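J.: Take this structure, written in C-alpha cells, and hold onto it; I'll ask about it next.
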Amino acid sequence: MGAVLRTLSWLRLSWPVAGAILLVGLLGGCVSDRPRPKSRPPAAVKGPIAQIHLLTGPTALDFDQLPGPDGFAVRLYATSPKTPNTVVIARGRVEVLMYDGLQQPQQTNAVTVQPRQVWTFSAEELKHFEVRSPIGVAYDLTLLWGQARPTQAWVTLVARYVPVQGLPLYSGASAVSVAVK
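Numbered per my numbering, the sequence shown spans residues 8 to 188.
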C-alpha cells in the first residue's frame with residue numbers, strides 16, 4: 008500500500024510539471040503576425056566591366072502558343088573585379104549571338120563562323136530589362152528568332168559586350184535544345 012501511495016503522489020506532482028512543459032512548448036512555437044522584413048537587393052553598382060555572363064534554360068520556349076518553340080529566355084550579368092556584386096551596363100552595347108549547332112567556345116568569337124541571328128541591345132535599351140537579384144543587377148531578355156529559325160536540333164548562344172572603347176568581351180557558350188518532340 009505504501010508503494011502505491013508513493014506512486015500516486017509522484018503522479019500528482021508530475022501532472023503540473025507535464026502541463027508546464029506542454030505550455031512552454033506550445034508558447035515557444037508561437038509567432039507574431041508581423042511580416043518579416045524583406046532583405047533588399049544590393050544597390051546598383053557601376054564599374055568597369057571585366058566579364059559578361061549569359062544564363063539560359065536547357066530548351067527553347069514557346070512564346071506564341073503555336074506548336075513549337077520560337078525563342079529563348081536568358082539572363083545576362085556583367086561583373087567587375089572592383090565589386091563582389093554584378094554591375095550595371097551603363098555604356099556600350101550587348102549582342103546575343105545564336106549559332107546553329109554546337110559550337111566550340113573559340114569558334115563563337117571568330118569571324119569565320121557567322122551567327123544565324125544577332126540580337127542587339129544598347130545600354131539605354133537594357134534599362135527596360137533590368138532586374139535586381141541577390142547578387143546585383145541582371146537583365147532578363149526574351150529573344151524571338153523570327154525568320155531565323157534554327158536549322159539543327161541544338162543552337163549555341165553567346166553574349167558579346169561591345170564597350171565604347173576597347174575590345175569586345177564574350178560570355179561562355181551555352182548549348183540550348185530547340186528540337187520539337
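Positions of the beta carbon are idealized from the N, C-alpha and C atoms, including for glycine.
Just so you know, these numbers come straight off a predicted model, no measurement behind them.
(1) Quick check on Leu133: does DSSP put it in helix, strand or coil?
(2) Count the C-beta pairs between the stretch 157-174 and the stretch 95-108 that are closer than 8 Å, then say yes if the count reaches three, no if not.
(3) Go to Leu104, then tell me how far its beta strand (DSSP E) extends in each direction, as first and last residue.
(4) Leaving out five residues before and five after Thr127 in sequence, what residues of the same chain have Cβ atoms less than 7 Å from its Cβ?
(5) List the endpoints of the continuous beta strand (DSSP E) containing Arg82.
(6) Would DSSP call Trp152 helix, strand or coil?
(7) So, for Phe70: in the same chain, excluding its five sequence neighbours on each side, which residues have a beta-carbon less than 6 Å away from its beta-carbon?
(8) Would you mind working out which of His60, Thr90, Gly179 sits nearest Leu148, comparing C-alpha positions?
(9) CB-CB under 6 Å to Thr66, same chain, minus the five flanking residues each way: which ones, in chain order?
(10) Evaluate Leu73 with the Cβ neighbour count: other Cβ atoms within 10 Å of its Cβ, from every protein chain shown; 16 or more gives buried, anything less gives exposed.
(11) Could you give the DSSP three-state label for Gln121: helix, strand or coil?
(12) Ser87 and Val81: beta carbons closer than 8 Å?
(13) Would the beta-carbon of Gln172 fall within 8 Å of that of Gly108?
(14) In whole angstroms, give me the CA-to-CA distance for Ser181 and Thr63.
T.: Per the coordinate set shown:
(1) helix
(2) yes
(3) 100-107
(4) Arg100, Glu102
(5) 78-86
(6) coil
(7) Asp77, Gly78
(8) His60
(9) Ser184
(10) exposed
(11) coil
(12) no
(13) no
(14) 7 Å
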